[in-house]
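Asker:
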DNA sequence: TGCACGTGTCAGAAAACGCTTACACATGAA
DNA sequence: TTCATGTGTAAGCGTTTTCTGACACGTGCA
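Chains as they are written, first to last, in full-length UniProt numbering: chain D, 1 to 116; chain Z, 1 to 116.
Below you can see the structure in the form of structure tokens.
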């Protein structure tokens, strides 16, 4: 498996997505096999809207992938599975990522168009 | 360097500490050498109280270490340096960590004393 | 005595986050 | 038609996070 090397902003988003016990559990459960939203919600023991929100965050970070499929009885099911990521976090690897950060850099002033 | 393998709760705390552009930049700067709070605040371009708060979070997560020292002219200086960590994040490694989570486990009910 | 430098901490506001409840729509089966 | 299943989404609310500003204390030096 190749090591993922995201940009600074992307890394922050991925870390923020993983820095939550519920979302960590969601990824862990999906690591055991793909599942659809309603069933996964029952499996973990949380409400479906809440799971929906967390899955959105995980998918936005590129950690899980969702695909809308049609079951045999014609129902629309959204299946999720974990993406193929491999993050390596070290002081030096973080320094490399931080060098590519575009937002919140008071030192560089407002180089970019950052609607902070 | 040995790979750090924290518990689920500790991992969440470490990830939360890193999931912030400013704190990522702080770690990156400290990776280039130890520094004391006031100087580091000027270096990064943020206020000292704000940096103080971020350093507290990073230290609580075990990512940086602070030591209070006395300079030659008798001033109390708090020097910070990065800790020696090496996190490896994979779907399976996250699953292992998630298995040790103690908080927010609706499936297990409230096994622990969790003042949620 | 006053200024410059270091430390720490507190109060308050704006924004983001986590969660519940309720609503909308679709399908197949009783 | 009604129920059970699946989907999505919006409103509301309490908590946490993030940040500024002001205060406290200490030392050395002009």
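Ideal Cβ positions, reconstructed from N, Cα and C, are used throughout, including at glycine.
Which value, in whole angstroms, describes the spacing of the CA atoms of residue 61 of chain Z and residue 97 of chain Z?
Answerer: 16 angstroms
Asker: Would you call the CB atoms of residue 79 of chain D and residue 9 of chain D closer than 8 angstroms?
Answerer: no
Asker: So residue 40 of chain Z is in the alpha helix (DSSP H); what residue range does that whole segment cover?
Answerer: 37 to 44
Asker: Please return the same chain residues whose Cβ sits closer than 7 angstroms to the Cβ of residue 177 of chain D, not counting the five positions on each side in sequence.
Answerer: Outside the displayed span of chain D (1 to 116) sits residue 177 of chain D, for which this structure offers no information.
Asker: So, with DSSP's three-state summary, where would you put residue 98 of chain D?
Answerer: helix
Asker: On the criterion of 16 or more Cβ atoms from any shown chain inside 10 Å, does residue 58 of chain Z qualify as buried, or is it exposed?
Answerer: buried
Asker: Is it right to say residue 30 of chain Z is buried, meaning 16 or more other beta carbons lie within 10 angstroms of its own, or is it exposed?
Answerer: buried
Asker: Considering only residues of the same chain and omitting the five flanking positions on each side of residue 110 of chain Z, which have a CB-CB separation below 7 angstroms?
Answerer: In this prediction, residue 110 of chain Z scores a pLDDT of 41, lower than 50, which makes its location untrustworthy; the coordinate-derived value is nonetheless stated afterwards. Cβ within range, chain order: n/a, list empty.
Asker: Looking at the structure shown, is residue 76 of chain Z part of a helix, part of a strand, or coil, going by DSSP?
Answerer: strand
Asker: Check whether chain Z comes within 8 angstroms of residue 88 of chain D, counting only Cβ atoms and requiring the distance to be less than that.
Answerer: yes
Asker: Between the alpha carbons of residue 85 of chain Z and residue 11 of chain Z, how many angstroms are there, rounded?
Answerer: 12 angstroms
Asker: Around the Cβ of residue 99 of chain D, are there at least 16 other Cβ atoms within 10 angstroms (buried) or fewer (exposed)?
Answerer: That one is exposed.
Asker: What does residue 40 of chain Z touch in chain D if you count any residue whose Cβ is under 7 angstroms from its own?
Answerer: Within 7 angstroms Cβ-Cβ: nothing; residue 40 of chain Z doesn't reach chain D, min ~12 angstroms.
Asker: Tell me the residue span of the beta strand (DSSP E) that contains residue 67 of chain D.
Answerer: 64 to 70
Asker: Among D:15, D:66 and D:20, which has the Cα closest to the Cα of residue 40 of chain D?
Answerer: D:66
Asker: Going straight from the alpha carbon of residue 103 of chain Z to that of residue 74 of chain Z, what length do you get?
Answerer: Roughly 45 angstroms separates the two Cα atoms.
Asker: Can you tell me the Cα-Cα spacing of residue 112 of chain Z and residue 48 of chain D, whole angstroms?
Answerer: Its pLDDT being 39, under 50, residue 112 of chain Z is placed unreliably by the model, and the measurement read from it follows with that caveat. If I take the Cα positions, the gap works out to 25 angstroms.
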